[in-house]
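Peer 1: If you read the sequences in order, they're chains A and B.
For the first sequence, position 126 (counting from the first letter as 1) is numbered 125 according to numbering that gives the first Met the number 0, and the numbering increases by one without interruption.
For the second sequence, position 191 (counting from the first letter as 1) is numbered 190 according to numbering that gives the first Met the number 0, and the numbering increases by one without interruption.
C-beta atoms are modelled at their ideal positions from N, C-alpha and C, and glycine is treated no differently.
Small disclaimer: the values here were computed from a predicted structure and weren't measured.
Input: one structure, supplied below.
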Amino acid sequence: MASDTNVETFDAEAVNAQHNRELYAARQKIHPKRASGSFRSLKWVIMAVTLGIYYITPWLRWDRGEFAPDQAVLIDMASRRFYFFFIDIWPHEFFFVAGMLVMAGIGLFLVTSTVGRAWCGYTCPQTVWVDLFLVVERFFEGDRNARIKLDAAPWTSAKIVKRTSKHVVWLLIAVATGGAWIFYFADAPTLLKDFVTGNAAFVAYATVGVLAAMTYVFGGLMREQVCTYMCPWPRIQAAMLDEHSLTVTYNDWRGEPRTRHAKKAIAAGESVGDCVDCNACVAVCPMGIDIRDGQQLECITCALCIDACDGVMEKIGRDKGLISYATLSTYNQNMALATGGAPGAGIQPQLVRPEGKLAAAVQHFNWRNVIRVRTAIYMVIYGAIGLGLLTALLMRSHLDVNVLHDRNPRFVQLSDGSIRNGYQIKILNMRTQPRSFRITLDGLDGATLKLEGSDLVQGGNGTLDVKANQLRNVRAFVTLSREAIAAKTTDFAFRVVDTTSADTVTANVRFEAPSGTGQ
Amino acid sequence: MAKNEIDDVSGVETTGHEWDGIKELNNPLPRWWLWTFYACIIWAIGYVIYYPAIPLIEGSTMGISGVTNRSLLHEELTRVEASKASLVSRIDSTGLEDIRGNEELFRFAVAGGSSLYKVNCSQCHGSGAQGAPGYPNLNDDDWLWGGDLDSIYLTIKHGVRNVDDDDARQSEMPAFGDDVLEPVQIADVTQYVLQLSSQEHDATAAKSGAAIFAENCAVCHGDDGKGGREFGAPNLADALSLYGNTADTIATQIAKPKHGVMPAWGLKLTEAEVKQLTVYVHSLGGGEQAATQ
Chain A
0 MASDTNVETF
10 DAEAVNAQHN
20 RELYAARQKI
30 HPKRASGSFR
40 SLKWVIMAVT
50 LGIYYITPWL
60 RWDRGEFAPD
70 QAVLIDMASR
80 RFYFFFIDIW
90 PHEFFFVAGM
100 LVMAGIGLFL
110 VTSTVGRAWC
120 GYTCPQTVWV
130 DLFLVVERFF
140 EGDRNARIKL
150 DAAPWTSAKI
160 VKRTSKHVVW
170 LLIAVATGGA
180 WIFYFADAPT
190 LLKDFVTGNA
200 AFVAYATVGV
210 LAAMTYVFGG
220 LMREQVCTYM
230 CPWPRIQAAM
240 LDEHSLTVTY
250 NDWRGEPRTR
260 HAKKAIAAGE
270 SVGDCVDCNA
280 CVAVCPMGID
290 IRDGQQLECI
300 TCALCIDACD
310 GVMEKIGRDK
320 GLISYATLST
330 YNQNMALATG
340 GAPGAGIQPQ
350 LVRPEGKLAA
360 AVQHFNWRNV
370 IRVRTAIYMV
380 IYGAIGLGLL
390 TALLMRSHLD
400 VNVLHDRNPR
410 FVQLSDGSIR
420 NGYQIKILNM
430 RTQPRSFRIT
440 LDGLDGATLK
450 LEGSDLVQGG
460 NGTLDVKANQ
470 LRNVRAFVTL
480 SREAIAAKTT
490 DFAFRVVDTT
500 SADTVTANVR
510 FEAPSGTGQ
Chain B
0 MAKNEIDDVS
10 GVETTGHEWD
20 GIKELNNPLP
30 RWWLWTFYAC
40 IIWAIGYVIY
50 YPAIPLIEGS
60 TMGISGVTNR
70 SLLHEELTRV
80 EASKASLVSR
90 IDSTGLEDIR
100 GNEELFRFAV
110 AGGSSLYKVN
120 CSQCHGSGAQ
130 GAPGYPNLND
140 DDWLWGGDLD
150 SIYLTIKHGV
160 RNVDDDDARQ
170 SEMPAFGDDV
180 LEPVQIADVT
190 QYVLQLSSQE
200 HDATAAKSGA
210 AIFAENCAVC
220 HGDDGKGGRE
230 FGAPNLADAL
240 SLYGNTADTI
250 ATQIAKPKHG
260 VMPAWGLKLT
270 EAEVKQLTVY
280 VHSLGGGEQA
290 ATQ
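Next up, the structure:
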């Protein structure tokens with residue numbers, strides 16, 4: 000079908016358009032065309048940054064001294080630590096991770112309620128890796144039309160070479176992706192060496208294998224089906240969006256009636272919208288939909304159709320933004336303007352662009368709309384959790400002392416008649432430096448303290464060394480002469496003091512004596 | 000076979016089943032489901048061939064692997080033994096004092112000794128080593144045969160008054176009630192022993208008891224009644240008594256003494272195990288330093 004504009008028209012069909020869809024239908028392959036424009040540029044940048052973060056992070060070093068690993072980000076399963084630059088998290092501090100997950104959830108709500116499915120369109124790993132795989136596909140097989148042609152072509156040697164190269168590079172990316180994952184769990188340089196020489200643990204190879212397979216299948220073969228069928232987020236987003244959330248919108252109030260023969264139509268006195276029905280928006284869509292059908296579940300709001308359409312609008316000298324990020328509320332106002340306020344009336348594009356340019360009355364997105372009661376609540380929750388976690392992080396103690404009184408026997412009588420109680424003291428040194436502690440008794444007059452440990456046999460200087468990042472278990476014997484015992488049970492405390500930093504923790508316990516003593 | 004009716008609305012063949020006018024369509028199972036099902040069948044066949052699977056009257060088919068939970072447990076125990084082997088051999092070759100001085104060996108000895116204690120010793124000495132009348136409390140500082148590492152080691156290894164080990168610690172207190180002392184003399188000595196351990200006593204009886212004590216008891220228990228570890232003679236001047244420190248129990252013990260027996264654990268346990276037990280018992284709170292030569 001010829002067009003009377005100088006715009007290239009694509010013979011593209013939205014394979015996932017609603018009218019094409021049946022409940023049970025085999026997948027039709029989508030051949031997204033390369034888009035170019037401001038959103039595409041933004042996506043290249045985000046892709047470079049996110050992939051960079053993922054691949055490079057495990058290789059960053061962070062000096063923690065000789066007693067802790069020097070990997071900046073490390074999930075150390077074996078010794079149950081999580082290192083993140085200057086923060087190290089112990090298992091009992093896992094609530095930091097839980098809190099951050101809650102923040103991530105609230106953050107997702109906040110982003111979705113303001114700028115729609117920005118997560119899906121820009122930063123979701125599925126989107127990023129599919130984009131990366133498409134770059135490879137385009138490199139070997141050419142852009143949309145060339146790929147469609149290649150698909151239909153018989154298996155010549157040229158096709159085999161192209162296809163094989165594509166899949167080999169895909170697999171390499173997939174292995175690198177799975178490979179990068181394991182480096183978060185062990186010292187990256189060592190693990191890489193072990194991995195290549197075949198000395199790494201089986202679980203490392205298995206993890207790389209599974210993740211590589213997932214990357215290859217999800218990014219190369221399944222692509223948009225992951226978003227449409229497997230991901231729960233498109234379903235949840237319906238509850239997250241409201242009339243002030245940005246979505247990629249086809250502004251039919253200025254686009255309709257669409258025609259490929261505008262001049263003819265104008266000559267015939269018909270009203271003509273901005274849409275020249277060139278299908279550029281359909282050709283670039285990685286999800287295989289037609290955005291002109293309206294907002295739909297499949298749309299990941301990657302905004303590539305905006306780029307495609309803006310290019311066309313520029314070429315034919317119209318205002319950009321026939322497809323744009325818009326909220327339902329501005330869309331409705333503009334629609335009311337275009338229909339002259341009469342519900343059910345046809346769209347009259349001349350109402351919104353009386354002199355060829357958009358009228359001043361046309362509403363555009365107002366950034367002030369981002370602040371609404373709902374988003375404010377999200378921000379408050381997000382900020383409160385964030386501040387709470389930060390406070391907890393700054394206030395947390397790096398010394399934990401736990402004292403357990405012996406249950407069996409609860410007390411022991413010694414030959415001189417005095418009574419001895421036994422305690423199990425656990426000192427947790429959460430610093431990455433070895434520390435030494437002095438243990439004293441608080442509130443038990445006349446008592447003597449004896450510690451049992453290999454380095455304490457010869458008396459020592461009364462201090463107790465605890466290695467960096469370690470828990471030390473030590474037996475303590477507290478003896479009280481019969482005359483000094485005031486009651487059957489006496490509350491007192493162990494005071495554990497860091498000999499250098501004076502960091503102090505007290506643990507309250509109880510001294511027990513046989514009944515009949517001290518009364 | 001007659002072709003089944005085709006449903007008008009969906010264009011799908013029916014199964015021919017009809018209930019109250021409702022016909023069942025013959026939609027095929029999803030292919031992924033079917034293939035998973037077939038895969039499971041193949042997996043099951045392989046499983047039956049490889050693993051013990053089919054129960055018989057006695058036992059079951061063993062499969063070509065012969066892997067059972069019992070064999071896995073056996074393997075795991077062997078692995079644990081192997082992983083401990085180097086520590087055990089170091090315990091074997093290290094002196095008791097040095098075991099105590101080495102953090103790793105000390106921890107291993109105490110942990111191993113603790114579980115050995117529960118299995119072998121707790122029956123008499125109690126689960127908390129708190130003892131019972133006739134069975135010494137191992138937590139306190141009162142030792143019959145000595146509380147330093149070497150003495151505890153010898154006591155555990157050879158036992159006390161058993162007939163199995165020639166090196167067992169031997170001692171026997173005479174039964175002073177059998178025509179050695181008159182009942183009144185026993186009563187007087189009893190009062191003296193009460194006096195030794197600073198308890199309420201009859202001063203006059205204790206005075207005459209002191210003379211009897213010097214004549215009959217001091218040989219083993221010492222002039223001051225503080226006992227003698229070379230004979231396993233208890234310290235009578237402290238607050239602790241193996242058989243009780245009332246006048247009755249003391250008098251009974253003088254007249255017809257009881258003698259506890261302890262097995263020679265060296266005959267049942269390995270050298271390393273005896274050493275582990277030694278270090279464990281020594282760490283319970285009453286352990287003594289060896290006398291310096």
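1. For A/V48, which of helix, strand or coil comes out of DSSP?
2. Might you give, ordered along the chain, the residues of its own chain that have their beta carbon closer than 6 Å to the beta carbon of A/Y82, omitting 5 neighbours on each side?
3. Is there contact here, the segment 164 to 184 of chain B with the segment 257 to 266 of chain B, by at least three beta-carbon pairs under 8 Å?
4. If you measure from the beta carbon of A/G416 to each beta carbon in chain B, is any gap under 8 Å?
5. Taking beta-carbon pairs under 9 Å, can you tell me which members of the segment 388 to 402 of chain A lie near chain B?
6. So what's A/T503 in DSSP terms, helix, strand or just coil?
7. Buried or exposed: which applies to B/I21, given that a residue is buried once 16 or more other Cβ atoms fall within 10 Å of its Cβ?
8. Count the C-beta pairs between the segment 223 to 234 of chain B and the segment 117 to 132 of chain B that are closer than 8 Å, then say yes if the count reaches three, no if not.
9. Measure from the C-beta of B/G243 to each C-beta in chain A and report whether the shortest distance is under 8 Å.
10. Rounded to whole angstroms, how far is the Cβ of A/R116 from the Cβ of A/H30, which I believe are closer than 8 Å?
11. Considering Cα atoms alone, identify which of B/W34, B/A204 and B/L28 is closest to B/A186.
12. What first and last residue would you give for the beta strand (DSSP E) that runs through A/K449?
13. Counting contacts by CB-CB distance shorter than 8 Å, is A/G421 in contact with chain B?
14. Check for me: the beta strand (DSSP E) holding A/H243 runs from which residue to which?
15. Give every residue of the same chain whose Cβ lies closer than 8 Å to the Cβ of A/Q294, excluding the five residues on either side of it in the sequence, and list them in chain order.
16. For A/F519, which of A/T258, A/A446, A/F201 and A/L463 has the nearest alpha-carbon?
17. Going by DSSP, what residue range makes up the beta strand (DSSP E) through B/H16?
18. Counting only beta-carbon atoms, is B/S126 nearer than 8 Å to chain A?
19. Quick one: which chain A residues come within Cβ less than 8 Å of B/Q129?
20. What's the gap between the Cα of B/A43 and the Cα of B/D19?
21. Leaving out the 5 sequence neighbours to the left and right, which residues in its chain are closer than 6 Å to B/L195 when beta-carbon positions are compared?
22. Quick check on DSSP: helix, strand or coil for A/G316?
23. Please list the terminal residues of the continuous alpha helix (DSSP H) segment that includes A/K161.
24. Do the segment 400 to 417 of chain A and the segment 503 to 510 of chain A make contact, defined as three or more Cβ pairs closer than 8 Å?
25. So what's A/K356 in DSSP terms, helix, strand or just coil?
26. Is there a Cβ from chain A that is less than 8 Å from the Cβ of B/L305?
27. Can B/Y49 and B/S64 be called in contact, C-beta distance under 8 Å?
28. Look at the alpha carbon of B/P233 and the alpha carbon of A/L392, and state the distance between them as a whole number of angstroms.
29. Mind the definition here: the segment 117 to 134 of chain A touches the segment 224 to 233 of chain A only if three or more C-beta pairs lie below 8 Å; say whether that holds.
30. Spatial neighbours of B/L239 within its chain, please: CB distance less than 7 Å, with the 5 preceding and 5 following residues excluded, ordered by chain position.
31. What does the alpha-carbon distance come out to for the pair A/I265 and A/R371?
32. Exposed or buried, A/G320, counting other C-beta atoms within 10 Å across all chains shown (16 or more means buried)?
33. Confirm, please, whether the CB-CB distance from A/I172 to A/T214 is below 8 Å.
34. Taking contact to mean at least 3 C-beta pairs separated by less than 8 Å, is the segment 270 to 281 of chain B in contact with the segment 144 to 156 of chain B?
35. What does DSSP give as the partner residue(s) for A/D75 in the beta ladder?
36. Determine the burial state of B/C39: buried for a count of at least 16 other Cβ atoms within 10 Å of its Cβ, exposed for fewer.
Peer 2: From the atom records:
1. helix
2. L73
3. yes
4. yes
5. For the segment 388 to 402 of chain A, the set of positions with a beta-carbon nearer than 9 Å to some beta-carbon of chain B is empty.
6. In the structure shown, A/T503 sits in a strand (DSSP, three-state: E or B).
7. exposed
8. no
9. no
10. 23 Å between Cβ atoms; not a contact.
11. Selected option, being the one with the closest Cα: B/A204.
12. Where A/K449 is concerned, the enclosing beta strand (DSSP E) stretches over T447 to E451.
13. A/G421 counts as touching chain B.
14. The continuous stretches of beta strand (DSSP E) do not include A/H243, and DSSP gives it neither H nor E.
15. T246, V247 and T248
16. Examination of residue 519 of chain A is not possible in this model, given that chain A is present from 0 through 518 alone.
17. T13 to W18
18. yes
19. N407, P408 and V411
20. So the two alpha carbons sit approximately 40 Å from each other.
21. Hits under 6 Å: G224, L235 and A236.
22. coil
23. S156 to I181
24. Contact between the segment 400 to 417 of chain A and the segment 503 to 510 of chain A is present, because at least three Cβ pairs lie under 8 Å.
25. Correct three-state label for A/K356: coil.
26. Given a span of 0 to 292 for chain B in the structure shown, any question on residue 305 of chain B remains unanswerable.
27. yes
28. 59 Å
29. yes
30. D139 and D141
31. 43 Å
32. buried
33. yes
34. yes
35. A/R80
36. exposed
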